[in-house]
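Here is the structure we will look at, set down as structure tokens.
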Amino acid sequence: MRLLLDTQIVLWALTGSRRLGAVAKDLISDPENEIYVSAASIWEITIKHALGRGDMPVSGARAAELCAQAGYRELPIAWRHAALVDILPPLHADPFDRILVAQASAEPMRLLSRDATVAGYGAMVMPV
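Each number in the working numbering corresponds to the 1-based position in the sequence shown with 216 added.
Below, the structure is given as structure tokens:
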């Protein structure tokens, strides 16, 4: 299965946080699954880390390095991803979450997220 990790899931996986649930941990560690991290997540980490947000324990550069070491695949933001955001229902105001939903829909792949609002976008979101 092709899985796209939302930003919090990425951070929890990279830092070994106990907040990463068992289901997400099992899905990420399953060698049958292809794990993707969006450029949007690295961008979000970079911005929020630079602002000194405590929920961003690593810089964007370090997160990208750790993602590569973990074997996660990079998912660039394509024009078709950005254009798809336009037709998403306005369930979530966060532009980073909206682009992740659009990417998961366009590729297609499943988006792992613990955000209940993101889960409202439907079957492409896998609540964990």
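Beta carbons are placed, not taken as given, at the ideal position from N, Cα and C, and that holds for glycine.
Check whether chain C comes within 7 Å of residue i, counting only Cβ atoms and requiring the distance to be less than that.
i	result
residue 295	Here chain C cannot be found, since the structure has a single protein chain.
Alpha carbon to alpha carbon, what distance is there between residue j and residue i?
i	j	result
residue 304	residue 241	28 Å
residue 248	residue 288	13 Å
residue 265	residue 277	10 Å
residue 286	residue 338	28 Å
residue 325	residue 340	7 Å
Can you tell which of the options has the C-alpha that lies nearest to the C-alpha of residue i?
i	options	result
residue 220	291, 298, 334 and 308	291
residue 330	251, 285, 296 and 313	313
When burial is assigned at 16 or more other CB atoms within 10 Å of the CB, is residue i buried or exposed?
i	result
residue 217	exposed
residue 318	buried
residue 228	buried
residue 245	exposed
residue 222	buried
residue 226	buried
residue 253	buried
Segments assigned alpha helix (DSSP H), at least 4 residues, entirely inside the segment 294-332: 295-300 and 311-322
Alpha helix (DSSP H) runs contained entirely in the segment 231-293, provided each spans 4 or more residues: 238-245, 255-266 and 276-286
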